[in-house]
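Notes follow the structure.
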Ligand code: SF4
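Numbering (the working numbering), first residue to last: 12 to 80.
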């Protein structure tokens with residue numbers, strides 16, 4: 012699973028950072044930055060939660076491609 016932030020949409024509210032500090036930080040303009048290339052399994056629920064709580068729907072979840080298909 013990957014998590015992607017639409018920086019143009021992000022309003023810098025920091026909800027995602029407070030919810031999943033292992034996955035998100037903020038840049039100098041307070042835009043959310045994803046810290047991990049691939050979301051660790053134990054953080055997947057947290058990542059999904061941020062997609063729901065982001066007030067501007069700037070966070071999307073992408074499922075990793077299934078190898079061999
Ligand atoms: S919750 Fe959404 S708007 Fe708020 S900082 Fe994170 S990505 Fe940006």
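Note that beta-carbon positions come from the ideal geometry of N, C-alpha and C, so glycine has one too.
Span separating the alpha-carbon of residue i from that of residue j
| i | j | result |
| --- | --- | --- |
| residue 2 | residue 51 | Since the displayed the chain opens at 12 and closes at 80, residue 2 lies outside it and no answer follows. |
| residue 38 | residue 18 | 10 Å |
| residue 26 | residue 54 | 16 Å |
| residue 36 | residue 24 | 11 Å |
| residue 100 | residue 45 | Absent from the structure is residue 100, since the part of the chain shown begins at 12 and ends at 80. |
Backbone secondary structure at residue i - three-state DSSP
| i | result |
| --- | --- |
| residue 13 | strand |
| residue 28 | helix |
| residue 39 | coil |
| residue 55 | helix |
| residue 20 | coil |
Cβ-Cβ distance between residue i and residue j below 7 Å
| i | j | result |
| --- | --- | --- |
| residue 15 | residue 71 | yes |
| residue 41 | residue 58 | no |
| residue 75 | residue 20 | no |
| residue 67 | residue 28 | no |
Beta bridge counterpart(s) of residue i as assigned by DSSP
| i | result |
| --- | --- |
| residue 71 | 15 |
| residue 45 | 35 |
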